[in-house]
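**Q** Before I ask anything, let me first share the structure, which is written out below as structure tokens.
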Amino acid sequence: MSDHALETRGLSVFYGDTEAVRSITLTIPSRQVVAFIGPSGCGKSTFLRAFNRMNDLIPSARVTGEVLFRGLNLYDPAIDPVEVRRRIGMVFQKPNPFPKSIFDNVAFGLRINGFQGKLADKVEESLQQAALWDEVKDRLNDNALGLSGGQQQRLCIARALAVEPEIILMDEPASALDPIATGRIEDLIRELREKYTIVIVTHNMQQAARVSDLTAFLYVGELIEYGETEQLFTNPRQERTEQYITGRFG
Amino acid sequence: MSAERFNPRLVARRRNGTIFKWACFAATIFGIVMLAILLVDVTSDGLRWLSIDFLTRYPSRIPARAGIKSAILGTLWMMGLTAAISFPLGVGAAIYLEEYAPGNWFTRLLQTNIANLAGVPSIVYGILGLAVFVRFFGFQRSVLAGAATLSLLVLPVVIIASQEAIRAVPRSLREGAYGLGATRWQMIRHQVLPVAMPGILTGTILSLSRAIGETAPLIMIGALTFIAFAPTSPMSPFTVLPIQIFNWASRPQADFHGLAAAAIVVLLVILLAMNATAILLRNKLRKQL
Amino acid sequence: MPPEGFHEQLDELKQRLQAMSHEVETLVDRAVNLAVGDSDETPKDIKKADHAIDAEEVAIEETCIELLALHQPMASDLRELVTILKINNDLERIGDHAVNIAAGVRRLRKTKSHPPFPPELEEMSRIARAMLREALDAFVHRNAEEAVKVGAMDDRVDALEDSVFRVMLTHMGEHNISACLQVILIARNIERIADLATNIGEDVVYMVRGTTIRHRGGMIESEPVSS
């Protein structure tokens, strides 16, 4: 029970009449890294965004099925999406730091959520966790937009960590970064796994293989295969998974 | 090879390009030349009437003793009050339309009508102001009535400019805020508005600089053409520079024409100052981002 | 020349491995024929032919590693490439054992009296060659059942090697001890060839099924790749 961070049951997401995610049931275990892979347009990002109700922001989106978090269905009308998003954080594909200082970026989440402790300490702790502290500790008041792409993305991770989520969702977090910055993000993910559950969408199979414990392969909105990463990449059970992984389509 | 299948006609094409470039240049020059002629004409007529006394004296039947103090102060009061009324209303409406309003037929109707209102002749606003503010609300012929009327006039432009500025805020910023558990209002206040503010302010100041030259609606609501005192409260009677200019220009004596020209120069200076402020403000805020 | 795609290069690699495996099979045949006296060649001929096999093994291995580095293959492609790498290595060692057999024959010819070859030796070599051929066929056909059968034959070869050992022991009294030892060593090399053929069979099963089997004393244990 407490081994599961999140569980979906028959989750479907519609954009207007199009069914982008088709009735997916799976479980995300706690403190592990789960990767979603699949060709473009297979619905993996949409599926991910259903976990923290970010699809609510799209007027034509409609969700059926359940997403269970700590025993509650997140799509129950009584649940406030604002509270959900504090506990299930998100890092986006293109780093999107706020046009404010580095300090204010990390402090933003703390301020709007009514953080009760000492702001500066928490900001430092978050930047440490994101492996960014040493690089920015002398220039916390500088504008965040002056950082490099990789640093900006780590800042976005620090910002998400500051509000103490249980789960961190990452939507292709390294696809806009160069290989070295990508490597650092992957190292960071490995470190973060000890305290957080991480779900990462990636179109880079090698990245999924390097970084995740479990991998789910999605195709045209359906879950084709979901299993341990080692197993899936050396001996997948489904033919279609095999074909995608060996590059025979996709 | 493929050389035979193309007829580049390079000389002709370049020549056409040059002709077009000079035509555009001529169009630009035309506007600038007209503006220069206006400025030279006005300045030459009015320069000898410009003095500190001119700025600090009240109007008089004697040209040598006439000044625009009441007009300047009236204009400043008017602009201040108009800004104070139209800015919150305009920005508030823009925020509602961009962030809160559902994308249904009613919102679209609202949007279209706001755009229409921007094109309504100002005299119509004057009549409206007379009926609603002067008579119905009982503001009489006061600065407040004038400011309310002018606010109606500039409001559509403020709303549209603010909407554009808000719309220009990238979606990624909003998503970032939401992702951290911000409510809609928190996101708007802390992320959208700061980024949109330069655009909003620029739009507001530019629309005010249109309002500064409005004469007809103010005459409608009863701005006086000859007053020898400055406004003391929003309820005071008043006059503004354009009206004073109109008044002097319509007198037969040449001296008054000179006074009108001088007043025009002052008006243009104020206008330039406002536009410069708008640009400076925008640049400063943009640098902070 | 533009680089070919991964799958084209993999096919080419498989063909080179097949060609090499023919060479190795032929070499084993020649060595065994030499041993049983059914050949005009000299041990030196065998040794020379092995050089080409060694060179080809190096070339194939380099290509495998290059493909791994540049293409990061996954799933069945990965298993196939790894299997090629392992079979390549096994084949080279089989070639070496063939050379050892020829060397043993050379030393035998130098002795004055050597014992008659026990018939077990001939049977061993027949089975070993059959095992090698079937294992390599299983690779080409990607047939796991054929591959599993190879492992079953290994026990017989082991038993036959034991027999040769005991028979030679009894002969040591009458004949040159060193000559008897050479016969035993020849038998040992044939037994090693059979073991390597078993390995090749197990590698083929991994390639096809993704499970690793180990042939232990008649029992086939199957371990899946992960739990």
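Protein chains in written order, with my numbering: chain Y, 572 to 821; chain B, -2 to 286; chain W, 237 to 463.
Glycine included, every Cβ here is placed at the ideal spot set by N, Cα and C.
1) Taking only three categories from DSSP, how would you classify residue 410 (chain W)?
2) Residues in its own chain within less than 7 Å of residue 820 (chain Y) by CB, not counting five upstream and five downstream?
3) My understanding is that residue 46 (chain B) touches residue 259 (chain B), with C-beta atoms under 8 Å, so please give their C-beta distance in whole angstroms.
4) So residue 95 (chain B) and residue 163 (chain B) are in contact, right, with Cβ under 8 Å, and what is the actual spacing, rounded?
5) Kindly identify the DSSP beta-bridge partner or partners of residue 769 (chain Y).
6) Between residue 315 (chain W) and chain Y, is any beta-carbon pair separated by less than 8 Å?
7) Based on Cα-Cα distance, which residue from B:179, B:217, B:139 lies nearest to residue 74 (chain B)?
8) I want to verify the contact list: residues of chain Y whose CB lies under 8 Å from the CB of residue 308 (chain W), in sequence order.
9) Report back the beta-carbon spacing between residue 736 (chain Y) and residue 659 (chain Y) to the nearest angstrom; my notes put them in contact at under 8 Å.
10) Do you know how far the Cα of residue 279 (chain W) is from the Cα of residue 339 (chain W)?
11) Since residue 768 (chain Y) and residue 602 (chain Y) should fall inside the 8 Å C-beta cutoff, what is the C-beta to C-beta distance between them, to a whole number of angstroms?
12) I want to verify the contact list: residues of chain Y whose CB lies under 9 Å from the CB of residue 383 (chain W), in sequence order.
13) Taking all protein chains shown into account, do 16 or more other C-beta atoms lie within 10 angstroms of the C-beta of residue 727 (chain Y), making it buried, or fewer, making it exposed?
14) Under a three-way DSSP split, which group does residue 463 (chain W) fall into?
15) May I ask which residues mark the beginning and end of the beta strand (DSSP E) holding residue 58 (chain B)?
16) Tell whether a beta-carbon distance below 8 Å holds between residue 56 (chain B) and residue 48 (chain B).
17) Less than 8 Å between the C-beta atoms of residue 426 (chain W) and residue 367 (chain W), yes or no?
18) Could you tell me if residue 141 (chain B) is buried or exposed, where buried requires 16 or more neighbouring beta carbons within 10 angstroms of its beta carbon?
19) Between residue 266 (chain B) and residue 51 (chain B), what straight-line distance do the alpha-carbon atoms span, to the nearest angstrom?
20) Any beta carbon from chain B within less than 8 Å of residue 683 (chain Y)'s own beta carbon?
21) For residue 184 (chain B) and residue 175 (chain B), I'd like the C-alpha separation in whole angstroms.
22) Compute the Euclidean distance between the alpha carbons of residue 284 (chain B) and residue 274 (chain B), then round it to the nearest angstrom.
23) Any beta carbon from chain Y within less than 8 Å of residue 170 (chain B)'s own beta carbon?
24) DSSP on residue 237 (chain W), reduced to helix/strand/coil?
25) Where residue 64 (chain B) and residue 223 (chain B) are concerned, what is the direct C-alpha to C-alpha distance, given to the nearest angstrom?
26) Do residue 364 (chain W) and residue 437 (chain W) come within 8 Å of each other at the CB atom, strictly closer than that value?
27) Taking one C-beta from the region 701 to 718 of chain Y and one from the region 739 to 754 of chain Y each time, how about it: are there three or more such pairs within less than 8 Å?
28) Which residues in the same chain as residue 196 (chain B) place their Cβ atom closer than 6 Å to its Cβ, once the five residues preceding and following it in sequence are excluded?
29) Quick one: which chain Y residues come within Cβ less than 7 Å of residue 312 (chain W)?
30) Examine chain W for any beta-carbon lying closer than 8 Å to the beta-carbon of residue 714 (chain Y), and answer yes or no.
31) Do the CB positions of residue 169 (chain B) and residue 775 (chain Y) come within less than 8 Å of each other?
32) Given residue 585 (chain Y), which residues of its chain have a CB within under 6 Å of its CB, disregarding the five upstream and five downstream residues?
33) So which residues on chain W does residue 786 (chain Y) lean against when the C-beta distance must stay under 7 Å?
34) Please report how far the alpha carbon of residue 780 (chain Y) lies from the alpha carbon of residue 576 (chain Y), in whole angstroms.
35) My parser needs the alpha helix (DSSP H) runs of 4 or more residues fully inside the region 602 to 681 of chain Y; what are they?
36) Kindly provide the ranges of any beta strand (DSSP E) runs that are 3 or more residues long and lie completely inside the region 761 to 807 of chain Y, ordered along the chain.
**A** The short version:
1) Correct three-state label for residue 410 (chain W): coil.
2) Taken in chain order, the residues that qualify are 814.
3) In this structure residue 46 (chain B) touches residue 259 (chain B) by the C-beta definition: roughly 4 Å separates them, less than 8 Å.
4) Confirmed, about 5 Å.
5) Bridge partners of residue 769 (chain Y): Y:604, Y:739.
6) Yes, residue 315 (chain W) lies at the interface with chain Y (some Cβ there is under 8 Å from its Cβ).
7) For residue 74 (chain B), the closest of B:179, B:217, B:139 by C-alpha to C-alpha distance is B:139.
8) Near residue 308 (chain W) (Cβ distances below 8 Å), the residues of chain Y are 777.
9) Their Cβ separation, rounded to whole angstroms, is 6 Å, which keeps residue 736 (chain Y) and residue 659 (chain Y) in contact under 8 Å.
10) If you take the alpha carbons of residue 339 (chain W) and residue 279 (chain W), they lie about 6 Å apart.
11) 6 Å between Cβ atoms; contact.
12) Result: empty, since nearest Cβ-Cβ is about 16 Å, beyond 9 Å.
13) That one is buried.
14) Bear in mind that the predicted position of residue 463 (chain W) carries a pLDDT of just 34, short of 50, making it too unreliable to give a figure here.
15) For residue 58 (chain B), no beta strand (DSSP E) segment is defined, and its DSSP state is neither H nor E.
16) No. Outside cutoff.
17) No, the Cβ-Cβ distance between residue 426 (chain W) and residue 367 (chain W) is not below 8 Å.
18) Per the 10 Å Cβ criterion, buried.
19) Each residue's CA atom was taken as its position, placing residue 266 (chain B) and residue 51 (chain B) some 15 Å apart.
20) Chain B, which has a Cβ nearer than 8 Å to the Cβ of residue 683 (chain Y), makes this yes.
21) Each residue's alpha carbon lies about 7 Å from the other.
22) A straight-line Cα-Cα distance of about 15 Å links residue 284 (chain B) and residue 274 (chain B).
23) Among the residues facing chain Y, residue 170 (chain B) is included, as its CB has a counterpart in that chain under 8 Å away.
24) Reliability of the predicted coordinates at residue 237 (chain W) is poor, the pLDDT of 49 falling under 50, and the value obtained from them is presented with this limitation in mind. The answer is coil: DSSP assigns residue 237 (chain W) none of H, G, I, E or B.
25) Roughly 11 Å between the two C-alpha positions.
26) Contact: no.
27) Below 8 Å, too few C-beta pairs join the region 701 to 718 of chain Y and the region 739 to 754 of chain Y to call them touching: fewer than three.
28) So the list reads 162, once near-sequence residues are dropped.
29) Close to residue 312 (chain W), with beta-carbon spacing below 7 Å, are these residues of chain Y in chain order: 813, 817.
30) No, residue 714 (chain Y) does not count as interfacial toward chain W.
31) For residue 169 (chain B) and residue 775 (chain Y), no; Cβs fall outside 8 Å.
32) Only 633 meet the Cβ criterion.
33) Those do not exist, as residue 786 (chain Y) stays about 11 Å from chain W at its closest Cβ, beyond 7 Å.
34) Straight-line Cα distance between these residues: approximately 21 Å.
35) Correct list: 615 to 622, 652 to 658.
36) Entirely contained in the region 761 to 807 of chain Y, the beta strand (DSSP E) runs reaching 3 residues are, in chain order, 768 to 772, 785 to 790, 793 to 799.
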